[in-house]
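Residue numbers for the sequence shown, in my numbering: 1385 to 1564.
Inspection log for the structure reproduced underneath, given as structure tokens.
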Amino acid sequence: MSHIKGYSVGDIEAKAAFTSEIEVEGLPSLQDVVNFQEIHRQTMDTRPGMYLKYLPHRYEPVNGELRSGGAYLFDTHENASDYWDWTANVFEPEAGVKFWNLPLFKASKRFVWDVIGATNFAPVDTHAVGRFQRWSYDGANIEEQLRRVFPDLKKWAKNQGAAAFWPGFKSIPRNPHMDP
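Below, the structure is given as structure tokens:
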């Protein structure tokens, strides 16, 4: 049983997500990046409607570059979109410097997703991000198709040992210049 207040095993009332994929500038230590995130977490985690966030890190096996990012689950699409806007256009961790323009970031991609369903299969204090992946789909009616297969995908994810599962789709880019 989870010892983290406010989180339980089972379905989550979430309708949207915000994700970011970040190329980190230079080769800072992982501890330096974690310290950076901890400082900004105190402001960024207080945004309306945020339920949960994951901050995965990995080193590229070929060139050793550090990749980071985030996956944030929100109660509504509006709150996820507002978070995108706030991080891009309002939040200035350093005077006159918007968040995504900080020197630590070489490049970033950011997305707002409609979430079909969200579930914690295990207590949140046991979660670790092992996989975050996005695919392309060029067929019609993505929402309808995803809703149709969601029950089977959810069972498959649970049987594979996933701690959580929240598939989503993005039918319209938030910003074509920063969100391909």
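The beta-carbon is built from N, C-alpha and C at its ideal position, and this holds for glycine as well.
The alpha helix (DSSP H) enclosing residue i, as first and last residue numbers
i, result
"residue 1540", "1526–1543"
"residue 1456", "Taken as a continuous stretch (DSSP letters only), residue 1456 belongs to no alpha helix (DSSP H), being part of the beta strand (DSSP E) at 1450–1458."
Limits of the unbroken beta strand (DSSP E) element including residue i
i, result
"residue 1422", "Looking at the DSSP string, residue 1422 is not in any beta strand (DSSP E); the run it does join, the alpha helix (DSSP H), is 1414–1428."
"residue 1397", "That residue, residue 1397, is in no beta strand (DSSP E); it is neither H nor E in DSSP."
"residue 1465", "Element bounds for residue 1465: not the beta strand (DSSP E) but the alpha helix (DSSP H), 1461–1473."
"residue 1439", "Counting along the chain, residue 1439 falls outside any beta strand (DSSP E), and DSSP gives it neither H nor E."
"residue 1490", "1489–1499"
Residue i vs residue j beta-carbon contact at 7 Å
i, j, result
"residue 1500", "residue 1531", "yes"
"residue 1398", "residue 1459", "yes"
"residue 1454", "residue 1413", "no"
"residue 1498", "residue 1448", "no"
"residue 1504", "residue 1393", "yes"
"residue 1401", "residue 1457", "yes"
"residue 1554", "residue 1489", "no"
"residue 1502", "residue 1550", "yes"
"residue 1463", "residue 1432", "yes"
"residue 1491", "residue 1407", "yes"
Bridge-paired residues (DSSP) for residue i
i, result
"residue 1505", "Note: residue 1505 sits in no beta bridge, so no partner."
"residue 1404", "1454, 1494"
"residue 1552", "1499"
"residue 1478", "1481"
Same chain, Cβ closer than 8 Å to residue i, neighbours up to 5 away in sequence not counted
i, result
"residue 1475", "1427, 1428, 1482, 1483"
"residue 1486", "1477, 1478"
"residue 1417", "1408, 1441, 1450, 1452, 1488"
"residue 1527", "1498, 1500, 1553, 1555"
Contact set for residue i: own chain, Cβ-Cβ below 7 Å, skip 5 residues either direction
i, result
"residue 1442", "1451"
"residue 1435", "1396, 1398, 1457, 1458, 1459"
"residue 1510", "1547"
"residue 1468", "1402, 1494, 1496, 1558"
Residues near residue i in its chain [Cβ-Cβ closer than 6 Å; skip 5 each side]
i, result
"residue 1539", "none"
"residue 1534", "1500, 1501"
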